[in-house]
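Mapping the sequence shown onto my numbering, position 74 (from 1) lands on 74, and the numbers just tick up by one.
C-beta atoms are modelled at their ideal positions from N, C-alpha and C, and glycine is treated no differently.
Some notes on the structure that comes next.
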Amino acid sequence: MHQCQTWRRVRAFRGARSLSPPVIADTGGLLRALARTPEGTASFPDYQAVLVTAAAVVVPGLVLAEVDYFLRNERKVMRKLIAEIFDPATRYEYEVPLPADIARALELDAKYAQLDLGLVDGTVAAVAERRKIYRILTSDRRDFSSLRVGPRLNQSLELLP
1 MHQCQTWRRV
11 RAFRGARSLS
21 PPVIADTGGL
31 LRALARTPEG
41 TASFPDYQAV
51 LVTAAAVVVP
61 GLVLAEVDYF
71 LRNERKVMRK
81 LIAEIFDPAT
91 RYEYEVPLPA
101 DIARALELDA
111 KYAQLDLGLV
121 DGTVAAVAER
131 RKIYRILTSD
141 RRDFSSLRVG
151 PRLNQSLELL
161 P
């Protein structure tokens, strides 16, 4: 679903005008946004705020796989997250990586070899580039702050929070 389609879909939600633009979730950002204290409050309220105010939260498939790995001892939490991501009433959008995204991720990994991006972060950047959604919910500032996307590699990413 491209950005213009995302905005059409989001307008169906009440209060859509007060929402911030769509974001792409990276593993660390999504995990922090969902983390809770033993009392049930948000462990990282600034991350949670991005998650709940974004018009759409795009979750690339490889990010979901990595989140599953980190939540391997929290199966109930993971099942709930998957149910929410695939529930059309939420603002989550599951993004299957296209073969072109994988190829672009490898290109970016080679171009920015000093960052050691890897396939998951490279795919986050490739999906951002393809979807033209440059806002990234991430805890990985080192890699994403140096990374540029776009045909001329001149588009920076807005790192949230």
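Best match in 125, 114, 55, 52 for proximity to residue 153 [C-alpha to C-alpha]: Locating residue 153 in the sequence shown gives position 153, counting from the first residue. Checking every option, the nearest Cα to that of residue 153 belongs to 125.
Top-ranked residue by Cα proximity to residue 151, from 130, 142, 144: Numbered from its first residue, the sequence shown carries residue 151 at position 151. Out of 130, 142, 144, 130 has the C-alpha closest to the C-alpha of residue 151.
Close beta carbons around residue 8, own chain, < 7 Å, minus the five adjacent residues each side: Within the sequence shown, the letter at position 8 stands for residue 8. Summary for residue 8: the model assigns pLDDT 34, below 50, so the residue's position carries little reliability, and this model does not support an answer.
Proximity of residue 25 and residue 137 at Cβ, strictly below 9 Å: Reading the sequence shown from its first residue, position 25 is the one you call residue 25. Reading the sequence shown from its first residue, position 137 is the one you call residue 137. Going by C-beta atoms, residue 25 is nearer than 9 Å to residue 137.
Distance, residue 135 Cα to residue 48 Cα: Here residue 48 refers to the residue found at position 48 of the sequence shown. Here residue 135 refers to the residue found at position 135 of the sequence shown. Whole-angstrom Cα-Cα distance: 15 Å.
Extent of the continuous alpha helix (DSSP H) run through residue 106: Working through the sequence shown from its first residue, we reach residue 106 at position 106. That run of the alpha helix (DSSP H) goes 99-111.
Chain-order list of residues whose beta-carbon lies under 6 Å from that of residue 13 (same chain, five-residue window excluded): The residue given as residue 13 occupies position 13 in the sequence shown. Confidence at residue 13 is low in this model, with a pLDDT of 46, below 50, so its placement is unreliable and the value that follows should be read with caution. Nothing meets the Cβ criterion.
Straight-line gap, residue 55 to residue 21 (C-alpha atoms, nearest Å): Locating residue 55 in the sequence shown gives position 55, counting from the first residue. Locating residue 21 in the sequence shown gives position 21, counting from the first residue. Cα to Cα, residue 55 sits roughly 5 Å from residue 21.
Residue 151 - DSSP class collapsed to helix/strand/coil: Residue numbering aside, residue 151 sits at position 151 when the sequence shown is read from its first letter. Residue 151 falls in the coil class under three-state DSSP.
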